[in-house]
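In this note's numbering, the protein residues as written are 2 to 92.
Built from N, CA and C at the ideal position, the CB exists for glycine as well.
Presented below is the structure to which this report refers.
Below, the structure is given as structure tokens:
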């Protein structure tokens with residue numbers, strides 16, 4: 002992917018997540034879990050999704066840590082309660 006394509010994709014992803022409802026944004030995150038593929042396109046998508054969660058003021062500490070940008074394993078499936086992502090298995 003060339004530089005201009007990356008810039009265009011970043012804008013597209015950002016706009017995509019801005020226009021999601023809270024439920025749709027959480028579903029987008031949950032739908033990415035367990036996928037083992039990786040590349041520039043996917044990393045831009047994940048970054049835009051996380052950025053939108055932060056921009057909305059969500060507490061995403063349950064899916065991030067100091068050594069991991071964002072957890073993407075199936076055990077991190079979550080729901081949003083009072084602007085905090087809660088792991089399904091910890092409700």
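(message) Quick check on this structure: which residue in 6, 3, 86, 40 has the alpha carbon closest to the alpha carbon of residue 51?
(response) Out of 6, 3, 86, 40, 86 has the C-alpha closest to the C-alpha of residue 51.
(message) Taking the alpha-carbon of residue 6 as reference, which of 31, 32, 41 has the nearest alpha-carbon?
(response) Closest in alpha carbon position to residue 6, among 31, 32, 41, is 41.
(message) Taking the beta carbon of residue 2 as the centre, do at least 16 other beta carbons fall within 10 Å, making it buried, or is it exposed?
(response) It is exposed - the Cβ of residue 2 has fewer than 16 other Cβ atoms within 10 Å.
(request) Look at the Cβ atom of residue 18, then the Cβ atom of residue 38, and state whether they are nearer than 7 Å. (result) Their beta carbons are not under 7 Å apart, which means residue 18 does not touch residue 38 by this criterion.
(request) Starting from residue 81, trace the beta strand (DSSP E) both ways and give me its first and last residue. (result) First-last of the beta strand (DSSP E) with residue 81: 79 to 82.
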